[in-house]
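Below is one structure, written out as structure tokens, with a few remarks after it.
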Amino acid sequence: MTIPKSAVVMLLYGIVATVVLTQGESAIAQQQQIEPAELQRQMEDAAGRYQHFATSNIISNRLNDERRWPKEFTVEQAKLFGELKTWLASPDSLRAMIRHQDPKVRTLALGALFIREDPHDLPLIASLVNDRTPTLTDVHMSFNSGPIASPAEFQSPQTVGDVAKEMLQLYGATKFPEYWQERQARKTCASWFRVKVDRATRCISPLQRQYRDDIERVIEEVKGLPLVDRVWTQIFLRSFYCSSLEGVLTDADCIASLKEIGPDQVVRFLQQKQVTDDPDIRFDDGNAETQDVHSRMAHFILQRAPSVLRAQDAAALLECEKSAVRNASPAWAAAAAELVAPSDPNEANRIIDGALQRFPLKGILGERYQAMLIGTLWKIGGAKEQQKIVDWFYQTQGKVLAESSDESNHGPLDFLRLVRKTARQDTNELLAALVIAPSFDQADWSVLKEMLEIASTGRPKPLVTREMMYRAQPASRNPQRLAMVAEWRELLIRHYQKRE
């Protein structure tokens, strides 16, 4: 196949791709461009030398992370990835190779285009979705959890179209014509940065130290966006990647950006009104998936409501709760109560009481929802609300014991975690009230562990080490487990009696 030096590539749906180099790709511009004929020669040579193309690993940027692969697979894929990178500086010639007669060359071209992270190449990738020609064999994780019998367990046949489809899936572009129609004229979209974050973190959470530089480059690019795009892209990313972006995209960054656009625009967003023309930040289509995205972003804002909203916005939040039928949540009421508490604590209590009625202690999320509300009551009212809190705490603890709930549905544990995070000065007063309550003997291992963690805050040595705590967890077969738990109850009683 002869590729003209100045090849013009026909893109799917008549879209002409443009090259946008991001900060994370700035090194590409410094690479030596390869002449079209030489690039074709190199790719044809590579297609003859390689037997495998690890699609998922190349897409997620995790080439050397499969420790169970046979060594020859790891070595081969590392070399392949290195060659893909050498072709990045010649995008026009690379795009032309999408039409090469050899399916293996087409696959290599897909790989090199994808790792450029230029979404404007997506029409080219989409043009090969229906290519059913067999290509380089896929290499993936073994589906066998037992001893590895042979390298065959890591291999599967794939077509060129399979590779293209998986690439589009990471972008959420499976219905490509509709997807591209909304995005073709944009320079950036929030979900495009989500792909960059996925690749920078290697889809691993929490963030691994060796990838910190990669994710910092992505976040710096986000911070360079125009104001409106910056704000909503930051909130979009934080709502999905809180632990992965720890210390890189901070609460302070997000709050400062939200303050720049002002509370009126924040409320508009919470009301699902349009605040940007980014299709990833539009939620008026009634689609379940987009509603879930809005719910994630809204909850991030609601948890920080006092920093970005006003007392006068509380009524709007309560109205939003009514309209959030599919994703009904007490977070709206909790945020509203926090907003009005400084000026009208009685109204804040009425808001909490009303929400406790709307979100009763039943269903899968009942305990978690009520823990959020009782945690807010503690946050705004402190020790003066302790009797109400103690009564709720042990009523809910009884439900946990009756239903044999684990930590995934444990209201008292969720509440104590909120207490620890809030770190009020009267925390010890609350803990003392919980410990001296007649129902304290109902406190299970999870609750005692969290209480011990709180009680040990600021001490040079913990009351009980974590190692000892986990020796007594319910799953343990330690015959002394129950005796240890009983000893911890006595230890907590003595600890808080001394503080009175």
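By the count of the working numbering, the sequence shown reaches residue 496 at its end, each step adding exactly one.
C-beta: ideal position from N, C-alpha, C; glycine also.
Roughly how many angstroms separate the alpha carbons of residue i and residue j, rounded to a whole number?
i: residue 470; j: residue 382; result: 29 Å
i: residue 202; j: residue 56; result: 15 Å
i: residue 312; j: residue 267; result: 8 Å
i: residue 262; j: residue 272; result: 12 Å
i: residue 76; j: residue 90; result: 16 Å
i: residue 397; j: residue 492; result: 25 Å
i: residue 210; j: residue 477; result: 45 Å
i: residue 37; j: residue 290; result: 48 Å
i: residue 196; j: residue 355; result: 39 Å
i: residue 46; j: residue 134; result: 11 Å
i: residue 276; j: residue 233; result: 11 Å
i: residue 25; j: residue 85; result: For residue 25, the predicted model reports a pLDDT of 46, less than 50, meaning its position is unreliable and no value from the coordinates is stated.
i: residue 494; j: residue 484; result: 15 Å
i: residue 279; j: residue 410; result: 30 Å
Does the Cβ of residue i have 16 or more other Cβ atoms within 10 Å, making it buried, or fewer, making it exposed?
i: residue 71; result: exposed
i: residue 380; result: exposed
i: residue 465; result: buried
i: residue 453; result: exposed
i: residue 317; result: buried
i: residue 44; result: exposed
i: residue 68; result: exposed
Using a Cβ-based criterion (distance less than 7 Å to any ligand heavy atom), does residue i qualify as near the ligand HEM?
i: residue 100; result: No copy of the ligand HEM occurs in the structure displayed, which carries no ligand at all.
Are the CB atoms of residue i and residue j nearer to each other than 8 Å?
i: residue 176; j: residue 118; result: yes
i: residue 369; j: residue 329; result: yes
i: residue 521; j: residue 488; result: Nothing in the structure corresponds to residue 521, since the chain is present only between -3 and 496.
i: residue 127; j: residue 160; result: yes
i: residue 423; j: residue 415; result: yes
i: residue 324; j: residue 347; result: no
i: residue 138; j: residue 64; result: yes
i: residue 50; j: residue 28; result: no
Helix, strand or coil for residue i? Go by DSSP, reduced to three states.
i: residue 295; result: helix
i: residue 500; result: As displayed, the chain neither begins before -3 nor continues past 496, which places residue 500 out of reach and without an answer.
i: residue 280; result: coil
i: residue 133; result: strand
i: residue 48; result: strand
i: residue 326; result: coil
i: residue 88; result: helix
i: residue 439; result: coil
i: residue 235; result: helix
i: residue 473; result: coil
i: residue 466; result: helix
i: residue 13; result: Low confidence applies here, because residue 13 scores a pLDDT of 31, under 50, leaving its location unreliable; read the following figure in that light. Here residue 13 sits in coil by DSSP.
i: residue 418; result: helix
i: residue 244; result: coil
i: residue 99; result: helix
i: residue 345; result: helix
i: residue 79; result: helix
i: residue 30; result: coil
i: residue 389; result: helix
i: residue 222; result: coil
Using a Cβ-Cβ cut-off of 7 Å (strictly less than) and excluding sequence neighbours within five positions of residue i, which residues of its own chain qualify?
i: residue 243; result: none
i: residue 300; result: 247, 251
i: residue 304; result: 251, 254, 255, 259, 262, 297
Using a Cβ-Cβ cut-off of 6 Å (strictly less than) and excluding sequence neighbours within five positions of residue i, which residues of its own chain qualify?
i: residue 252; result: none
i: residue 351; result: 326, 329, 369
i: residue 336; result: 307, 310, 343, 344
i: residue 239; result: 201, 202
Quick one: residues in its chain with C-beta nearer than 8 Å to the C-beta of residue i, no 5 flanking neighbours on either side, listed in chain order?
i: residue 357; result: 363, 366, 391, 392, 395, 407
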